[in-house]
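In this note's numbering, the protein residues as written are 152 to 284.
Following: one structure in structure tokens, then a few remarks.
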């Protein structure tokens with residue numbers, strides 16, 4: 152998938168989600184929150200599938216990890232972050248639809264974990280390990 156296609160796909164799913172969110176918040180539609188977040192989940196599902204395929208490519212014979220692509224640890228972090236975001240969206244929708252009586256603090260735990268991991272990853276990128284010869 153080219154960069155232009157990924158950008159267009161991101162914009163389309165974001166636009167559809169925002170339109171559905173505004174319609175729900177204005178009271179024009181009486182859909183449940185799981186339906187409102189459907190574009191987000193479809194987009195996340197596509198990203199998770201793409202990440203899983205790229206991670207599976209590391210397992211094929213003849214793979215050379217020195218060709219400049221991100222290592223498996225980084226891709227595993229991306230996959231974990233996507234799953235944490237998906238968990239946050241699911242628990243948020245369950246709370247908004249009153250399917251689960253959960254405190255908002257517990258709903259936000261996956262989001263906070265993802266943000267903390269992103270800060271660690273940012274710190275590792277800003278201050279890389281120094282290798283002295």
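The C-beta atom is built at its ideal place from N, Cα and C for all residues, glycine as well.
If you're wondering where the values come from, they're calculated on a predicted model, not measured in any experiment.
Asked, Found
"For the alpha helix (DSSP H) containing residue 195, list its first residue and its last residue.", "189-207"
"Looking only at C-alpha atoms, which of 205, 186, 191, 232 sits nearest to residue 152?", "205"
"Can you tell me whether residue 181 is helix, strand or coil according to DSSP?", "coil"
"Where do the ends of the alpha helix (DSSP H) carrying residue 279 lie?", "Residue 279 -> no alpha helix (DSSP H), and no H or E assigned at all."
"Closest to residue 235 by CA distance: which of 196, 250, 209 is it?", "196"
"Within its chain, find whatever has a CB closer than 6 Å to the CB of residue 246; leave out the 5 residues flanking it on each side and keep chain order.", "253, 258"
"Quick check on DSSP: helix, strand or coil for residue 261?", "helix"
"If you run the structure through DSSP and keep just helix, strand and coil, what is residue 246?", "helix"
"Going by beta carbon distance, what residues of the same chain come within less than 6 Å of residue 161, once the five residues before and after it are set aside?", "none"
"Whole angstroms are fine: how far does the CA of residue 193 sit from the CA of residue 158?", "15 Å"
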